[in-house]
Amino acid sequence: MGQLIKLQDYVSRYELDIYKYPSRFIRLKRLQWQQLYKAWDEGVLVNSSPEIISTATEEPSGKEKIWGKMKSVFTKNKEEWQEDAAGQVKEWTIIDDEDANMNRFPFQFETMPKTVDELKYQFLEEIFKVQIQWASSTVFEQSNVDISYFWEKNLKYFMLRFPDTFLFLYKPVFSLKKAEIQTETILLTPLEVVCIKFIELEDQAVYIGSEDHFWEKRVNHQRKKFLNPLIALNRTESIIKGIWKQANIDFPISKVLISRNGFIDFPSAPYGITLVDHRNYPEWFKRMREFKAPMKNGQLKAARALLIHCHSVSKSRIY
C-alpha cells in the first residue's frame with residue numbers, strides 16, 4: 002500500500018517528520034493486519050470489536066483532550082534511526098506517548114468477511130481512510146477534507162495497489178515566490194521520483210501526440226483537440242528540480258503518461274517520457290507492484306525538501 006504524504010493543500014503529519022511516519026505506518030499496518038487476521042481466523046472477530054478494531058470507547062473531555070495533545074507533542078521522543086553504507090534506512094525504534102495512542106487503527110466493517118481475500122479488501126479499504134486522516138491532520142491542526150477523496154478512483158489506485166515504500170504527493174500545491182501552483186501526482190520510490198499524469202477521456206480513444214500545444218483525440222471516427230498533457234508533466238518536473246537545486250539534492254526524475262483504457266501514438270516522444278497505454282500497461286503495473294527495494298535516506302530527504310515547499314490550509318484542533 003502506497004503512503005499518502007501530501008494531499009492537495011491539506012496539512013499532513015508527514016510534514017512534521019518525514020523520517021518518523023513512513024516507518025511507523027508500515028509497522029502499525031503490519032501489526033494491525035496480524036491482529037485482525039488472527040481474530041478472523043479464530044472466529045472471534047465481530048463488528049466494532051473494541052479489542053480488535055477500535056482505538057477508544059469514548060471521546061476524551063475538553064481538558065483531557067488538550068492535555069493529551071500537549072503531552073504527546075512535548076514528551077521526549079526516544080526514537081532513533083540508522084542507515085547503512087548504501088543509504089538504506091533500517092528499522093526505527095519508537096517509544097513515545099503518541100505512538101502508544103496510535104498502536105491500533107479504527108476499523109468498522111459493514112459486513113463480516115467470509116474469505117481471506119474479502120478480509121484483505123476490507124482491511125485495505127479501512128486503511129485507506131486512515132491514510133486520508135494522516136494526510137489531512139496533525140496533533141494540533143486539521144484540514145477540511147473534500148469527501149469525494151474517499152471515492153477518488155485514481156487516488157485509491159495509488160494507495161491500494163503499490164508497495165508500502167512508495168510515497169505519494171497527490172496533486173500537491175506548492176508555494177513558490179508568493180504563488181500557489183498545483184502539480185501532477187508525484188511518486189517517490191526508493192530509487193527515483195516519478196511525475197504521473199492520466200489521460201483517460203474515453204474508452205478505446207487514440208491520443209495523437211506531438212510537440213505542439215495541443216494533442217488530438219480520435220474515437221468513433223471523431224477528432225477533438227485537447228491540451229498537450231506533457232505541459233503539466235514538464236511543469237511538475239521543473240518545480241521539483243528547482244526545489245531540489247536549492248536543497249542541493251540529486252535524485253533521478255522521470256515522467257509517466259498513463260492511459261489504461263486507450264492508446265497513445267507518439268513515436269517521437271521526448272527523452273525522459275514513458276508512455277503507458279492499454280498495450281503495455283499490464284507489464285508496467287506488474288513491474289511497479291513487484292518493486293522490492295526498502296526506503297532510502299535519499300528518498301526521505303527528497304520528500305522532505307518537497308514537503309517544506311508545499312502549501313497547507315488548516316485550522317486548529319484545540320478549541
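Those letters in the sequence shown? Residues 2 to 320, by the working numbering.
We put the beta carbon where it would ideally sit given N, CA and C, even for glycine.
Query, Result
"Terminal residues of the alpha helix (DSSP H) in which isoleucine 309 lies", "298-309"
"9 Å Cβ cutoff, phenylalanine 26 in contact with chain C", "The structure shown contains no chain C; it is built from a single protein chain."
"Uninterrupted alpha helix (DSSP H) stretches inside the region 110-136 (no shorter than 4 residues)", "117-135"
"Chain-order list of residues whose beta-carbon lies under 8 Å from that of isoleucine 240 (same chain, five-residue window excluded)", "Phe175, Leu177, Ile182, Thr184"
"Unbroken beta strand (DSSP E) run spanning phenylalanine 159, endpoints", "Run containing phenylalanine 159: none in the beta strand (DSSP E); it sits in the alpha helix (DSSP H), 154-162."
"DSSP three-state assignment for lysine 198, whether helix, strand or coil", "strand"
"Start-to-end residues for the beta strand (DSSP E) that takes in lysine 46", "Going by the sequence as given, residue 46 is leucine instead of lysine. No beta strand (DSSP E) holds leucine 46; DSSP gives it neither H nor E."
"From Cys311, Ile319, Leu5, residue whose alpha carbon lies closest to that of phenylalanine 151", "Leu5"
"Nonlocal neighbours in the same chain, by C-beta distance under 7 Å from arginine 162, ignoring five residues either side", "Arg290"
"For threonine 275, three-class secondary structure by DSSP", "strand"
"Pair within 9 Å by beta-carbon distance, lysine 23 and threonine 166", "It should be noted that the sequence gives proline, not lysine, for residue 23. Yes, these two residues count as a Cβ contact at 9 Å."
"Whole-angstrom C-beta distance between asparagine 229 and tryptophan 216, which should lie under 8 Å", "5 Å"
"Phenylalanine 151 - containing beta strand (DSSP E), residue span", "No beta strand (DSSP E) holds phenylalanine 151; DSSP gives it neither H nor E."
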